[in-house]
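Per this note's numbering, the very first residue in the sequence shown carries number 700; after that it's consecutive.
Ideal Cβ positions, reconstructed from N, Cα and C, are used throughout, including at glycine.
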Amino acid sequence: MGSRDVSRAVEVLCAGGLVAFPTETVYGLGADAANAEAVSRIFTAKGRPADHPLIVHIPRTESLTQWAVDVPDAAWLLARRFWPGPLTLILRRHPTVLDLVTGSLETVGIRVPAHPLALDLLERFGGGVAAPSANRFGAVSPTTAGHVREGLGDTVDFLLNGGPCAVGVESTIVDVAGDRPTILRPGGVTRENLEQALGCFVPVAATSRTRAPGQHPSHYAPRARVLLVEADDVVTEARRLQAKGRRVGVLLPPARARPDTSGIGHVVISVPESLEEYARQLYDILRELDRRGCEIIVASLPAEEGAGLAIADRLRRAAGPVVQS
Ligand code: TXA
Ligand code: MG
């Protein structure tokens, strides 16, 4: 599936084509960030609304000033501490950055990814690569080259295969353009890591947690509906739904005493005890439940610490507005 030919990937980028490439978080769908026509092809391939801003991927921290202005000390500190790595910084845009990339905002999202193939690609390409996750808009992000092919097919001009992604959920987005650093999207760098580096409390923006029902399309969503319940109620709820004739998938939370899951005839997946491992597997698990035809996925939220914050965020988004079963 795909190849590891970075030289060819660079040629495709230079020619204005789309390259799907591995990062440590998820696969990205990349185009030359300075080529408006190339960037516009990303929106077409994803079926993504044109006002959604993209993240610009750069090869090293020093390139930051080509894309952003008024970079505050906190941003330099975070960049030096966490790049290359799963952190996106929102900064005031450089005047030359395309409106198509920023969604016409006054800010731009930037990161240096940690995957060796991504770094090689960016270093050889030399410019910035605008890239959202390489999935159709609203679908689960791809963590393998196979997922990219499944979702985007031939709309991708070149697929760079770097194996499965090590982090498994998207980068943490931190807004450093405002008065104080704020997490816009929890991800691969934990809130605790950020607070330790900055030496202060780092809030999570309210909009990333609460979603007014019906206002947004369901993001990060599998086809199956996700139902969130208390950890102790997962098995009971699954049995109840199954008794009503629904095909149920179960994300069984880690527990010291394994609950009795007999009588749940459908798909039961035990969630890894380690939150990092759970994050790595999360999207693959959701895809697996879809593949096995589940109509409803019954799950509970992990403790919202460490990688648990990002997992809980994605499960909430996948659950979307609560509707009665
Ligand atoms: O891990 C990741 O971040 C992956 C890999 C490929 O780097 N990329 C990714 O991109 O998740 P995407 O487009 O699926 O999500 C980017 C998020 C969007 O929710 C977008 O709204 C937000 O970043 N974003 C980008 N620029 C922004 C800006 N200037 N202000 C606020 N949010 C921004
Ligand atoms: Mg995405």
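TODO: Decide if Leu-1014 is buried, meaning its Cβ has at least 16 other Cβ atoms within 10 Å, or exposed.
DONE: Leu-1014 is buried by the Cβ-count criterion.
Task: Contacting residues, own chain, Cβ-Cβ under 7 Å from Glu-975 (five flanking each side not counted) - done: Hits under 7 Å: Ala-1006.
TODO: Report the three-state DSSP secondary structure of Asp-989 (helix, strand or coil).
DONE: It is helical.
TODO: Report the rounded CA-to-CA distance for Ile-757 versus Val-811, giving the unit in angstroms.
DONE: Their Cα atoms are separated by approximately 5 Å.
- [ ] From the DSSP output, in three-state form, read off Val-1021 for me.
- [x] Caution is warranted here: a pLDDT of 48 is assigned to Val-1021, below 50, making its placement in the model unreliable, and the coordinate value is therefore given only provisionally. Looking at Val-1021 - three-state DSSP - the assignment turns out to be coil, as it is neither helix nor strand.
- [ ] Identify which residue in Arg-1016, Asp-772, Ala-1009 and Ser-803 has its Cα closest to the Cα of Ala-920.
- [x] Checked all of Arg-1016, Asp-772, Ala-1009 and Ser-803; the closest Cα to Ala-920 is Arg-1016.
Task: CB of Val-847 within 7 Å of CB of Ala-833, strictly - done: Taking 7 Å as the cut-off, the Cβ atoms of Val-847 and Ala-833 count as close.
TODO: Give me the Cβ distance between Asp-874 and Ile-789, rounded to the nearest whole Å; I'm assuming they're in contact under 8 Å.
DONE: Rounded, the Cβ-Cβ distance is 4 Å, consistent with contact.
- [ ] Return yes when at least one heavy atom of ligand 1 lies under 6 Å from the C-beta of Ile-685, else no.
- [x] With the chain running from 700 to 1024 in the structure shown, residue 685 is simply not present.
- [ ] Using only the heavy atoms of ligand 2, determine whether one of them is closer than 6 Å to the beta carbon of Ser-870.
- [x] No - ligand 2 has no heavy atom lying nearer than 6 Å to the Cβ of Ser-870.
Open item on the list: Considering only DSSP beta bridges, list what Ser-702 is partnered with.
Closed with: In the DSSP output, where bridge partners are listed per residue, Ser-702 has Leu-859.
Open item on the list: Quick check: what's the CA-CA separation for Gly-715 versus Asp-853?
Closed with: Each residue's CA atom was taken as its position, placing Gly-715 and Asp-853 some 16 Å apart.
TODO: Examine ligand 1 and report whether any of its heavy atoms sits within less than 6 Å of the Cβ of Gly-727.
DONE: Answer for Gly-727: yes, Cβ within range of ligand 1.
Task: Residues near Glu-1003 in its chain [Cβ-Cβ closer than 6 Å; skip 5 each side] - done: Counting only residues of its own chain and dropping the five nearest sequence neighbours on each side, Glu-1003 has a CB closer than 6 Å to the CB of Ala-1011.
Task: the region 758-770 contacting the region 852-866, beta-carbon criterion three pairs below 8 Å - done: Counting Cβ pairs under 8 Å, fewer than three are found: no touch.
Open item on the list: Relative to the C-alpha of Asp-704, which candidate in Glu-894, Asn-860, Val-901 and Gln-980 has its C-alpha closest?
Closed with: Measuring from the Cα of Asp-704, the nearest candidate turns out to be Asn-860.
- [ ] Compute every distance between the C-beta of Pro-831 and the non-hydrogen atoms of ligand 2, then say whether any falls below 6 Å.
- [x] Taking the Cβ of Pro-831 as the reference point, at least one heavy atom of ligand 2 falls within a distance shorter than 6 Å.
Task: Cys-899 burial status per 10 Å Cβ neighbour count (16 or more: buried) - done: By the 10 Å Cβ count, Cys-899 comes out exposed.
Open item on the list: Quick check: what's the CA-CA separation for Arg-946 versus Pro-952?
Closed with: One C-alpha to the other measures close to 19 Å.
TODO: Drop a sphere of 10 angstroms on the beta-carbon of Glu-869, count the other beta-carbons inside from all chains shown, and report buried for 16 or more, exposed for fewer.
DONE: Glu-869 is buried by the Cβ-count criterion.
TODO: Out of His-793, Glu-710 and Phe-836, point me to the one whose CA is closest to Gly-825's CA.
DONE: Among His-793, Glu-710 and Phe-836, the Cα nearest to that of Gly-825 is on Glu-710.
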